[in-house]
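**Student:**
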């Protein structure tokens with residue numbers, strides 16, 4: 084893939100900053116670039132002036148083909164997040180546009196959130212707090228919970244950087260861990276299961292950390308949930324599209340599995356009413372990496388990718404599809 088990169092020497096390049104990005108993104112870019120600030124990466128918001136000038140884009144919330152097609156001068160899309168399934172990579176590559184993301188920075192934060200969600204789901208800690216705040220403790224003790232981490236075996240679906248960070252934490256809890264990827268991960272001690280169904284059958288707790296896309300869409304379906312068993316627990320910290328939410332709601336309602344903890348949903352921010360109504364579903368509004376500390380670091384990397392591209396003709400963290408020779 085040939086390079087279209089340019090230099091700032093002939094004047095300041097124009098960039099789009101689109102979506103609810105951390106404030107540091109604009110603060111870093113503004114002294115060096117002309118900025119067009121948009122509330123979201125939407126082709127309908129691209130004016131003739133923006134279309135004729137914008138050579139780079141910092142985005143949160145993805146970048147679809149219409150947005151990419153509306154920007155004929157675009158050279159690079161710098162996306163906040165390790166996942167980039169909401170960026171139309173095929174459309175970008177067809178126009179020789181580099182796509183970058185923000186891997187590694189959020190690994191530990193998301194792994195912390197996964198463990199917190201697992202404990203909240205098993206021990207029903209949010210419900211216990213609500214019980215106290217409602218004054219019900221005066222009437223008697225909070226009921227004993229059936230869920231516990233003791234004696235569990237956890238399967239991790241997607242042993243990438245975040246999956247491994249979760250597995251290390253589970254090791255510290257004294258919990259048995261195994262995993263499923265398309266192929267074994269070298270230099271790890273956890274047992275590999277060659278199929279997702281085999282993983283579900285061998286564990287009672289499934290933690291999903293895989294990215295979205297056609298290859299994982301509704302991979303966790305009724306068959307997988309049934310394989311977990313009546314003491315089974317599902318945790319999804321990856322992408323909502325991985326789980327068949329209708330099948331999950333049925334499994335929770337009918338006792339096919341014990342409980343589920345979800346930080347992601349298929350059609351965010353909309354959450355199915357059948358999940359909202361279930362007491363054995365612990366639900367979070369996609370907050371896996373949502374701390375000021377981590378989002379600031381992610382924002383800095385979004386900005387650095389753009390700065391490096393226009394000063395050194397090289398992105399810092401291109402997605403794998405863009406990481407080869409250019």
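Residue numbers (our numbering): 84 to 409. Beta carbons are placed, not taken as given, at the ideal position from N, Cα and C, and that holds for glycine.
#1: Hey, would you say residue 475 sits closer than 8 Å to residue 280, going by beta carbons?
#2: Using the rule of at least 16 other Cβ atoms within 10 Å of the residue's Cβ for burial, across every protein chain shown, is residue 278 buried or exposed?
#3: Which runs of the beta strand (DSSP E) spanning at least 3 residues fall entirely within the stretch 141-220, listed in chain order?
#4: When you compare the CB positions of residue 344 and residue 200, do they come within less than 8 Å of one another, or not?
#5: Going straight from the alpha carbon of residue 271 to that of residue 128, what length do you get?
#6: Output yes or no for whether 8 Å exceeds the beta carbon distance between residue 316 and residue 230.
#7: Nearest to residue 253 by alpha carbon, out of 207, 196 and 225?
#8: Per DSSP, what kind of secondary structure is residue 392 in: helix, strand or coil?
#9: If we count the other Cβ atoms within 10 Å of its Cβ and call it buried at 16 or more, is residue 352 buried or exposed?
#10: So, helix, strand or coil for residue 377, using DSSP?
#11: From this set, 102, 112 and 340, which residue's C-alpha is nearest residue 96's C-alpha?
#12: Tell me the DSSP bridge mates of residue 319?
#13: Determine which residues share a DSSP beta bridge with residue 365 and list them.
#14: If the criterion is Cβ atoms closer than 8 Å, does the pair residue 115 and residue 135 meet it?
#15: Could you tell me the distance, in whole angstroms, from the CA atom of residue 106 to the CA atom of residue 386?
#16: Any Cβ of chain C within less than 8 Å of the Cβ of residue 394?
#17: What separation, rounded to the nearest whole angstrom, lies between the Cα atoms of residue 158 and residue 119?
#18: Flag this pair as yes or no: are the beta carbons of residue 104 and residue 140 separated by less than 8 Å?
#19: Just checking my contact of residue 380 with residue 399 at CB under 8 Å: how many whole Å lie between their CB atoms?
#20: Scan the stretch 251-312 and note each continuous alpha helix (DSSP H) run of 4 residues or more that stays entirely inside, going in chain order.
#21: Closest to residue 186 by CA distance: which of 359, 149 and 372 is it?
#22: May I have the straight-line CA-CA distance separating residue 167 from residue 222, to the nearest angstrom?
**Tutor:** Inspection of the coordinates gives the following:
#1: Because the chain is modelled from 84 through 409, residue 475 falls outside the range shown and cannot be assessed.
#2: In the chain shown, the residue the question calls residue 278 occupies position 195. By the 10 Å Cβ count, residue 278 comes out exposed.
#3: Taking 3 residues as the shortest admissible run, the stretch 141-220 contains the following complete beta strand (DSSP E) segments, listed from N- to C-terminal end: 159-162 and 181-183.
#4: For the purposes of this step, residue 344 is taken as residue 261 along the chain shown, with counting starting at 1. For the purposes of this step, residue 200 is taken as residue 117 along the chain shown, with counting starting at 1. Yes.
#5: On the chain shown, position 188 is the one that residue 271 refers to. On the chain shown, position 45 is the one that residue 128 refers to. Approximately 47 Å between the Cα atoms of the pair.
#6: Here residue 316 refers to the residue found at position 233 when the chain shown is read from its first residue. Here residue 230 refers to the residue found at position 147 when the chain shown is read from its first residue. Yes; because the gap between Cβ atoms is below 8 Å, this pair is in contact.
#7: Within the chain shown, numbered from 1, the residue matching residue 253 stands at position 170. Measuring from the Cα of residue 253, the nearest candidate turns out to be 196.
#8: As a first step, residue 392 is located in the chain shown; it is residue number 309 there, counting from the start. Helix at residue 392.
#9: One-based indexing of the chain shown puts residue 352 at position 269. Residue 352 should be labelled exposed.
#10: For the purposes of this step, residue 377 is taken as the residue at position 294 of the chain shown. Helix, per DSSP.
#11: Position 13 of the chain shown, counted from the start, is the residue given in the question as residue 96. It is 112 whose Cα lies nearest to the Cα of residue 96.
#12: Numbered from 1 along the chain shown, position 236 holds the residue referred to as residue 319. Its beta-bridge partners are 291 and 345.
#13: As a first step, residue 365 must be located in the chain shown, where it is residue number 282. Looking at the DSSP output, residue 365 bridges to 344.
#14: On the chain shown, position 32 is the one that residue 115 refers to. On the chain shown, position 52 is the one that residue 135 refers to. In this structure, residue 115 keeps its C-beta atom at 8 Å or more from the C-beta atom of residue 135.
#15: Counted from its first residue, the chain shown places residue 106 at position 23. Counted from its first residue, the chain shown places residue 386 at position 303. Spanning the two alpha carbons is a distance of roughly 11 Å.
#16: In the structure shown, chain C cannot be found, because there is only a single protein chain.
#17: By one-based count along the chain shown, residue 158 stands at place 75. By one-based count along the chain shown, residue 119 stands at place 36. Residue 158 and residue 119 have their C-alpha atoms spaced approximately 15 Å apart.
#18: Taking the chain shown and counting its residues from 1, one reaches residue 104 at position 21. Taking the chain shown and counting its residues from 1, one reaches residue 140 at position 57. No, the Cβ-Cβ distance between residue 104 and residue 140 is not below 8 Å.
#19: Position 297 of the chain shown, counted from the first residue, corresponds to residue 380. Position 316 of the chain shown, counted from the first residue, corresponds to residue 399. Actually they are not in contact, since the Cβ atoms of residue 380 and residue 399 sit about 13 Å apart, beyond 8 Å.
#20: Runs found: 279-285 and 305-311.
#21: The residue you call residue 186 lines up with position 103 of the chain shown. The shortest C-alpha separation from residue 186 is found at 372.
#22: The count along the chain shown starts at 1 and reaches residue 167 at position 84. The count along the chain shown starts at 1 and reaches residue 222 at position 139. For residue 167 and residue 222, the distance between alpha carbons rounds to 49 Å.
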